[in-house]
Amino acid sequence: MHVSLDTMVDTLKAAAESSRLRILALLSRGDLTVSDLTEILGQSQPRVSRHLKLLLEAGLIGRYQEGSWAFFRLSDADSARDFVMGLVSGIRGADPQVERDLERLASVKRKRQDRAVEYFSVNAASWDHIRSLHVPDRAVEAAMLKLVGKRPFQSMLDLGIGTGRLLEIFSPLYRRGVGIDMSREMLTVARANLDKAGVSNAQVRQGDIFAPPVERDAFDLVTIHQVLHYLDDPARAIHEAARLLRPAGRLVIVDFAPHALEFLREEHAHM
């Protein structure tokens, strides 16, 4: 971090407290709600909220809304994120309290996965039928990976995240990944899948594809996978996605070719 001496002192003061260091260590593993943190830390909600407020004011973490839930994550700023990772890397595996926190974090993530399994069990028949009409997923993924190449890049945005699969397969290449979806149920599924895959450099947020809650000119790769056929104005979505790209960034779109399958329009909202 390149900051003034006074700012650095304030930042260190914000982090230099055992509960706040525990929170930073947990958020380095993924996004969490206040309820998640109170369960893991064994502290009251007002106390946890106070710690979060101080970390927010110091610019070490960020906050975003998903329906009625507020999620917290490490700051999007690379300098702040690197600073936090440097702090917490030295206490992982060396402190019994942090190890207990990580065990409780694993329990919280298992509950997320259980909710995801429940959602898919209710919708499994519909998902399987529609998937039978797709090009096989592995073939699509292989084509996308070949198109993007093997060179690492800074940031990726997936619009209409679905199950979170694209953020998972590209995670070795990007430093920071973000997924956007309007459906809280799908965000639950994606978050659980990313947790299960051990992807800690990605986050998911609720948002509108026509007005995504991210900065413009900020991403090296933007993907839109099997989303446009649900939209009444796909051209507008593509235009908005292009505005989110950094110079020389890439936009990758995967979708159905034109078809005459009326049941997809009538039963599954294809446009």
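Numbering-wise, my numbering puts 266 at position 247 of the sequence shown, and it's gapless, one number per residue.
From the three backbone atoms N, C-alpha and C, an ideal C-beta is built for every residue, glycine too.
Since this is a predicted model, take the numbers as computed values, not measurements.
Cβ contact annotation for Q173 (same chain, cutoff 6 Å, sequence separation greater than five): R194 and D239, in chain order. Here the alpha carbons of V22 and L31 stand approximately 12 Å from one another. About 6 Å separates the beta carbons of L79 and A99, which is inside the 8 Å limit, making them a contact pair. Given a length threshold of 4 residues, each whole run of the alpha helix (DSSP H) inside the stretch 81-141 is given here in chain order: 97-108.
Annotation: the stretch 165-250 contains the following complete segments of the beta strand (DSSP E) (minimum length 3 residues), in chain order: 172-178, 193-200, 221-225 and 238-244. Here Q64 is exposed: its Cβ has fewer than 16 other Cβ atoms, across all protein chains shown, within 10 Å.
Its Cα nearest to that of T182, the residue A211 stands out among I59, A211, S190 and V271.
Burial check for H244: the Cβ neighbour count within 10 Å reaches 16 or more, so the residue is buried. A distance below 8 Å between beta-carbons, with the five flanking residues on each side excluded, links K128 to the following residues of its chain, in chain order: G49, A211, D214 and K215. DSSP places L31 inside the alpha helix (DSSP H), whose first and last residues are L24 to A34. In its chain, beyond the 5 residues on either side, I228, F229, A230 and P231 have a beta carbon closer than 8 Å to the beta carbon of E259.
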